[in-house]
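Numbering (this note's numbering), first residue to last: 103 to 192.
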């Protein structure tokens, strides 16, 4: 990770576009809260997943409420956003 793990309010977003990198994910996260501390993307099976960590819990909640069920691009599945990282596998 970059600069340690300052954020303690992770948001997991499933069904992100398969070509989205962590920089784009961070830009997306910054639209909903300025306290983004860390972001990463990875693939789980055929699901593309992003994790954004916020320093501020309000930002994390706002991000979830804005992104859950939303489509970023036409033809993609609606995203599933929830607070926490995916330690619980769905």
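Backbone N, C-alpha and C fix where the C-beta goes; we use that ideal spot for every residue, glycine too.
The structure presented is a predicted model; accordingly, all values stated were derived computationally and were not measured.
Residue i, DSSP secondary structure in three states
i           : result
residue 168 : helix
residue 159 : helix
residue 152 : strand
residue 175 : coil
Cross-strand partners of residue i (DSSP beta bridge)
i           : result
residue 185 : 113
Sequence-distant residues of its chain with Cβ nearer than 8 Å to residue i (five each side left out)
i           : result
residue 166 : 113, 183, 184, 185
residue 160 : 135
CB-CB length for residue i against residue j, believed under 8 Å
i           : j           : result
residue 151 : residue 115 : 7 Å
residue 178 : residue 117 : 7 Å
Sequence-distant residues of the same chain with beta carbon closer than 7 Å to residue i, five excluded per side
i           : result
residue 169 : 115, 181, 183
residue 123 : 143
residue 187 : 112, 114, 153
Close beta carbons around residue i, own chain, < 6 Å, minus the five adjacent residues each side
i           : result
residue 155 : 109, 112, 139, 140
residue 174 : 119
residue 149 : 116
residue 128 : 138, 141
### Ranges of the alpha helix (DSSP H) found wholly within the segment 115-149, counting only runs of at least 4
124-132
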